[in-house]
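For reference, the structure is listed below as structure tokens.
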Amino acid sequence: METPLATGSLAGIRALVTGSSRGIGADTATFLAAAGAKVVINFRNKEPRALKIVAGIEQSGGEAFAVGADLTDPASVEAMFQQVQERWGGLDLLVLNASGGMESGLGEDYAMKLNRDAQVNVLTAAEEVLVEGARVVFVTSHQAHFIKTTPTMPEYEAVALSKRAGEDALRERIPGLTEKGIEFVVVSGDMIEGTITATLLERVNPGAIQSRREDAGRLYKVDEFAAEVAQAAVDQIPENHTRYVGDISGFTR
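Residue numbers (the working numbering): 1 to 253.
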């Protein structure tokens with residue numbers, strides 16, 4: 001993967017990426033580490049994958065460690081940030097990447113628990129370790145970001161609504177974050193090829209991703225979108241705190 005950030009540009013930065021044992025989170029963490037950041041790899045139950053990411057970063061000369069935490073469990077989240085404080089003394093970058101809701105067997109309210117409630121709880125706990133000048137990056141989809149004005153696939157609607165609810169709840173925290181000198185930015189992209197969400201959508205609605213690909217012209221791959229998320233760690237905060245990845249014309253008509 002070609003890193004989007006200059007080598008050494010994030011030297012001294014202490015970062016934590018939620019849900020970074022695989023997919024977009026893993027690639028984002030790897031890009032940040034390649035630019036010099038020290039990175040916490042967060043996982044829920046995929047410890048071997050998380051340790052593999054850590055090993056890869058260390059083999060490339062970077063610094064990282066893995067922490068297991070169920071983001072829907074406040075005590076687990078608090079313990080995670082305590083480890084960060086003890087090891088590194090603070091945090092300069094928090095990437096809120098973990099999301100879900102398409103999985104089966106987790107309860108009807110799981111999407112809202114993870115995509116709204118957990119995001120707020122993670123940010124609340126993180127504020128104890130985020131230093132002045134830190135940045136919070138929230139990762140979402142166009143389907144969720146624009147759900148109030150643009151309908152999405154029925155199979156994805158509950159997830160989209162919960163992610164938008166999470167974004168709204170986090171945005172309410174911006175004034176308080178600003179007072180503490182903490183920046184906030186949302187990164188929104190279309191459906192991403194190869195993600196768990198895309199796979200599950202295709203399973204319940206065969207052809208859904210192909211149809212979306214045709215409508216959009218192209219869909220970003222995991223590493224391409226992760227590069228944009230990593231770039232959001234250093235770019236100037238855009239208008240309305242939102243960085244759009246790819247074409248949004250189909251969502252703003």
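Glycine is no exception: its CB is placed at the ideal position from the N, C-alpha and C atoms.
Next item on the list: Would you identify the three-state DSSP class for V122, choosing helix, strand or coil?
Entry: In the three-state scheme derived from DSSP, where H, G and I count as helix and E and B as strand, V122 is classed as helix.
Next item on the list: Pair every Cβ in the segment 9-26 with every Cβ in the segment 34-43, then say whether three or more of these pairs are closer than 8 Å.
Entry: yes
Margin query: Which residues does DSSP list as the beta-bridge partners of N42?
Written below: V67
Next item on the list: Quick one: measure Cβ to Cβ for N115 and V77, integer angstroms, because I've assumed they're closer than 8 Å.
Entry: Not quite, the Cβ-Cβ distance comes to about 15 Å (not below 8 Å), so this is no contact.
Checklist line | Option nearest A50 by Cα separation, candidates A98, G62 and V67 | finding: V67
Next item on the list: Would you decide whether E228 is buried or exposed? Buried here means 16 or more other CB atoms lie within 10 Å of its CB.
Entry: When all chains shown are included, E228 counts as buried.
Next item on the list: Assuming H241 and V186 form a contact by the criterion Cβ under 8 Å, report the distance between their Cβ atoms to the nearest whole angstrom.
Entry: 6 Å
Margin query: Tell me which residues share the same chain as L219 and place their Cβ nearer than 7 Å to its Cβ, disregarding the 5 neighbours each side in the sequence.
Written below: The residues are D190, M191, I192, E193, R212 and R213.
Notebook entry, point to check: How is the alpha helix (DSSP H) around G133 delimited, first residue to last?
Noted result: Careful: G133 lies outside any alpha helix (DSSP H), inside the beta strand (DSSP E) at L130 to S141.
Notebook entry, point to check: Would you report the Cα separation of Q210 and L177, rounded to the nearest angstrom?
Noted result: C-alpha separation (whole angstroms): 40 Å.
Note to self: Need the endpoints of the alpha helix (DSSP H) that V54 sits in, please.
What the structure shows: E47 to Q59
Note to self: Less than 6 Å between C-beta atoms, sequence neighbours within five positions excluded: which residues of the same chain meet that for E183?
What the structure shows: Beyond the five residues adjoining it in sequence on each side, E183 comes within less than 6 Å, by CB distance, of R135 and I237 in the same chain, given in chain order.
Checklist line | Check whether V84 and L91 have beta carbons under 9 Å apart | finding: In this structure, V84 lies near L91, with their beta-carbon atoms less than 9 Å apart.
Margin query: By the three-class DSSP mapping on this structure, what secondary structure does F146 have?
Written below: coil
Next item on the list: Count the other C-beta atoms from every protein chain shown that fall within 10 angstroms of the C-beta of V204, then say buried if there are 16 or more, exposed otherwise.
Entry: exposed
Note to self: Bridge partners for V183 per DSSP, in chain order?
What the structure shows: Per the sequence shown, residue 183 should be read as Glu rather than Val. E183 has R135 as its beta-bridge partners, per DSSP.
Notebook entry, point to check: To which residues of the same chain is I248 closer than 7 Å at the C-beta, ignoring the five residues directly before and after it?
Noted result: H142
Notebook entry, point to check: Near F225, which residues of its chain fall below 7 Å by C-beta distance, leaving aside the five closest residues on each side in sequence?
Noted result: Excluding sequence neighbours, F225 sits near I24, G189, I192 and V245.
Note to self: Just to check my reading of the structure: A118 and L71 have Cβ atoms closer than 8 Å, yes? What is that Cβ distance to the nearest angstrom?
What the structure shows: Taking 8 Å as the upper bound for CB-CB distance, A118 and L71 are in contact here, some 4 Å apart.
Notebook entry, point to check: What's the gap between the Cα of L170 and the Cα of E132?
Noted result: 18 Å
Next item on the list: Rank R243, V222, D223 and G250 by C-alpha distance to the C-alpha of A232 and give the top, closest one.
Entry: R243
Notebook entry, point to check: Between the beta-carbon of A158 and the beta-carbon of G101, is there less than 9 Å?
Noted result: yes
Checklist line | Pairwise C-alpha distance: E58 and D27 | finding: 15 Å
Notebook entry, point to check: In three-state terms, what does DSSP make of S249?
Noted result: helix
Next item on the list: Inspect the beta-carbon positions of A98 and T30 and report whether they are closer than 9 Å.
Entry: Going by beta carbons, A98 and T30 fall outside the 9 Å limit.
Next item on the list: Express the C-alpha separation of G181 and Y110 in angstroms, rounding to a whole number.
Entry: The C-alpha of Y110 lies about 32 Å from the C-alpha of G181.
Checklist line | Enclosing alpha helix (DSSP H) for A208 [first to last residue] | finding: That run of the alpha helix (DSSP H) goes A208 to A216.
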